[in-house]
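> Take a look at the following structure, please.
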Amino acid sequence: MPTPRFHSPQARWRLPAPCLPMAWLIVVCLLALTACSSTPMLESRDGYRVDHRYQSSAQSSRVRHLVLHYTDSDARRSLRTLTGPRVSSHYLVTREATPKVYQLVDESRRAWHAGASAWQSRSNLNDTSIGIEIVNRGPSDTLRGRTWTPYPAHQIDTLIALARDIIERHDIDPVDVVGHADIAPQRKIDPGPRFPWYRLYRAGIGAWPDADRVTAYHADFMQQPPTLEQFQRALAAYGYPIRVTGHFDALTRDTLRAFQMHFRPARYDGFPDTQSAAILWALLEKYRPEALAGILQ
């Protein structure tokens with residue numbers, strides 16, 4: 003350490019100049035640490051104080067599902083609708099060259115995006131889900147038939163970053179990343195057959211069957227396809243809100259259409275076939291193996 007320099011009979015001394023920046027750095031660090039404490043240990047509220055010193059480990063997120071939608075309109079109209087009094091979502095992803103992500107509802111609060119809905123044993127999924135609206139105009143009916151608006155790659159890149167963050171923070175299972183059509187098949191068709199579910203799966207988001215298992219099940223079902231009742235049981239076991247009746251009713255057709263738009267978008271007519279059955283059984287084997295035993299009985 004440099005020798006202090008004396009300047010008066012009172013033997014006062016000063017710290018050498020090279021040490022002054024370090025002293026200031028220590029002060030700045032202390033101030034920064036104080037500022038980083040976002041929640042005070044004792045919080046004063048109206049008429050009482052809350053002590054935050056202790057946190058229980060017996061807790062988890064209330065969020066169990068991530069629900070993806072398309073807006074069926076442009077960004078301006080979507081924002082007007084989603085900030086109005088009747089419907090909302092937690093996030094809105096636009097489709098500009100550099101997409102914007104608007105957070106419209108805090109994740110701790112319930113947004114009104116799912117409506118009458120069900121998945122697995124839960125209903126009214128507004129209570130347990132985060133909703134993402136994606137700016138996309140959906141279908142258009144033309145003289146040549148129905149066409150669907152594509153999703154730009156840059157928009158999906160942004161959606162992937164957002165969805166990954168949500169899934170990691172709330173520990174959402176792959177089978178619980180769903181489209182609006184999956185949880186409300188008689189009312190909704192979004193995000194539609196042009197939505198790139200497989201691309202999301204490759205990015206670590208959502209569920210997808212293994213191709214070799216689909217091929218194996220398809221070979222089996224070409225010999226002996228499942229009955230309609232078994233098909234209904236399998237859809238219900240995976241999570242779809244369907245009744246097991248053994249009859250090809252409107253609910254079965256709409257549910258199969260939603261399933262096909264998600265996992266087999268090349269054909270989504272809502273009719274049972276061996277390819278759809280093979281995909282469904284491969285999904286159950288991968289994600290819900292405990293359900294397989296009772297389906298074919």
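Per this note's numbering, residue 3 is the first one in the sequence shown, and the count goes up by one each step.
Using N, Cα and C, we set each Cβ at its ideal position, and we do this for glycine too.
Confirm, please, whether the CB-CB distance from residue 176 to residue 72 is below 8 Å.
Contact: no.
> Do you know how far the Cα of residue 230 is from the Cα of residue 118?
When rounded, the distance between both Cα atoms is 26 Å.
> Could you give the distance in angstroms between the alpha-carbon of residue 35 and the alpha-carbon of residue 167?
Reliability fails at residue 35, whose pLDDT of 48 lies under 50, so the model's placement of it is uncertain and no value is given.
> Residue 264 to residue 171, Cα distance in whole Å?
If you take the alpha carbons of residue 264 and residue 171, they lie about 24 Å apart.
> In the DSSP assignment, find the beta strand (DSSP E) that holds residue 136 and state where it starts and stops.
Residues 131-136.
> Consult DSSP for residue 17 and reduce its assignment to one of helix, strand or coil.
Because residue 17 carries a pLDDT of 43, less than 50, the predicted location of this residue cannot be relied on, and the following value inherits that uncertainty. In the structure shown, residue 17 sits in coil (DSSP, three-state: anything other than H, G, I, E or B).
> Would you give the residue range spanned by the beta strand (DSSP E) that residue 111 belongs to?
It is not in any beta strand (DSSP E) - residue 111 carries neither H nor E in the DSSP assignment.
> Judging by CA-CA distance, which residue of 145, 142, 136, 164 is the nearest neighbour of residue 153?
For residue 153, the nearest C-alpha among the options comes from 136.
> Is residue 259 closer than 8 Å to residue 272 when the C-beta atoms are compared?
Yes, the pair counts as a contact, with Cβ atoms nearer than the cut-off.
> Is the beta carbon of residue 113 less than 8 Å from the beta carbon of residue 90?
Yes, they are a contact pair.
> Taking the beta strand (DSSP E) that residue 122 falls in, what are its first and last residues?
Element bounds for residue 122: n/a, residue is neither H nor E.
> To the nearest angstrom, how far is it from the Cα of residue 122 to the Cα of residue 64?
Taking the straight line from one Cα to the other gives about 16 Å.
> By DSSP, does residue 144 sit in helix, in strand, or in coil?
Strand at residue 144.
> Determine the DSSP secondary structure at residue 216, reduced to helix, strand or coil.
Here residue 216 sits in helix by DSSP.
> Rounded to the nearest angstrom, what separates residue 162 and residue 169 at their Cα positions?
Taking the straight line joining both Cα atoms gives about 10 Å.
> Check whether the segment 214-224 touches the segment 276-293, taking contact to mean three or more Cβ pairs, one atom from each stretch, closer than 8 Å.
Contact between the segment 214-224 and the segment 276-293 is present, because at least three Cβ pairs lie under 8 Å.
> Across which residues does DSSP place residue 45 in a beta bridge pair?
Note: residue 45 sits in a beta bridge opposite 52.
> Considering only the alpha carbon of each residue, which of 217, 293, 187, 160 lies closest to residue 103?
With distances taken between Cα atoms, residue 103 lies closest to 160.
> How is residue 2 classed by DSSP in three states: helix, strand or coil?
The structure shown does not extend to residue 2, since the chain spans only 3 to 299, so no value can be given for it.
> Would you kindly check if the distance between the Cβ of residue 116 and the Cβ of residue 185 is under 8 Å?
Yes, the pair counts as a contact, with Cβ atoms nearer than the cut-off.
> List in chain order: all unbroken alpha helix (DSSP H) runs of 4+ residues lying wholly within the segment 181-249.
Taking only runs of at least 4 residues, the alpha helix (DSSP H) segments lying wholly in the segment 181-249 are 182-185, 199-204, 213-225, 230-240.
> Can you check the segment 242-299 for any beta strand (DSSP E) of at least 3 residues that lies completely inside it and give the ranges in chain order?
For the segment 242-299, not a single whole beta strand (DSSP E) run of length 3 or above is found.
> Rank 255, 214, 212, 218 by C-alpha distance to the C-alpha of residue 233 and give the top, closest one.
Answer by Cα proximity: 255.
> Please state the DSSP three-state secondary structure of residue 306.
Since the first residue shown for the chain is 3 and the last is 299, residue 306 is missing from the structure and cannot be characterised.
> Suppose the cutoff is 7 Å on Cβ atoms and the five residues either side in sequence are ignored; what does the same chain contact list for residue 2 look like?
Only positions 3 to 299 of the chain appear in this structure, which leaves residue 2 out of reach.
> Verify whether the separation of the beta carbon atoms of residue 183 and residue 191 is less than 8 Å.
Yes, the Cβ-Cβ distance between residue 183 and residue 191 is below 8 Å.
> Here's the rule: buried if 16 or more other CB atoms are within 10 angstroms of the residue's CB, otherwise exposed. What is residue 93?
Classification of residue 93: buried, given that the 10 Å Cβ count is 16 or more.
> For residue 126, count neighbouring Cβ atoms within 10 angstroms of its own Cβ and tell me buried if that reaches 16, exposed if not.
By the neighbour-count rule (16 or more Cβ atoms within 10 Å), residue 126 is not buried but exposed.
> Taking 7 Å as the cut-off, is the C-beta of residue 145 nearer than that to any heavy atom in the ligand ATP?
Ligands displayed in this structure: none; no statement on the ligand ATP is therefore possible.
> Following the continuous alpha helix (DSSP H) through residue 105, name the residue where it begins and the one where it ends.
Careful: residue 105 lies outside any alpha helix (DSSP H), inside the beta strand (DSSP E) at 103-105.
> Is it right to say residue 266 is buried, meaning 16 or more other beta carbons lie within 10 angstroms of its own, or is it exposed?
Under this definition residue 266 is a buried residue.
> Who does residue 149 pair with in a DSSP beta bridge?
In DSSP, residue 149 forms a bridge with 142.
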